[in-house]
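In our numbering, the protein residues as written are 1 to 95.
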């Protein structure tokens, strides 16, 4: 994963935001691990946070975002990403 990122982006200028959707904590753990690995490679990690704690309308201002999402139940989105997911599916969402 990181070799692909480093091929396309300079670690000195890259700023990464990691957003996760997790019901039981598994996706959050993966997101935090990605953040730690990125920092080891001198990539600036702006934040590792749940999707719903980030305003999706600001997504267009981000240079690089990694989404780490799990599902719950019968493929339903986790509670901490439902609002964000609904926003991204709206026709008015900036693209």
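All C-beta atoms, glycine included, are put in the ideal place defined by N, C-alpha and C.
Model, not experiment: these values are computed from the prediction.
- With a 10 Å radius around the Cβ and a threshold of 16 neighbouring Cβ atoms, residue 90 comes out exposed.
- When only Cα atoms are considered, residue 74 and residue 93 end up about 26 angstroms apart.
- Of the candidates 87, 60 and 64, the residue whose Cα lies closest to the Cα of residue 52 is 87.
- The residues 20, 27, 30 and 31, in chain order, have a CB closer than 6 angstroms to that of residue 68 in the same chain once the five nearest residues on each side in sequence are set aside.
- If one requires a minimum length of 3 residues, the beta strand (DSSP E) runs lying completely within the region 7-49 are 15-21, in chain order.
- Residue pairing of residue 72 in beta bridges, as defined by DSSP: 76.
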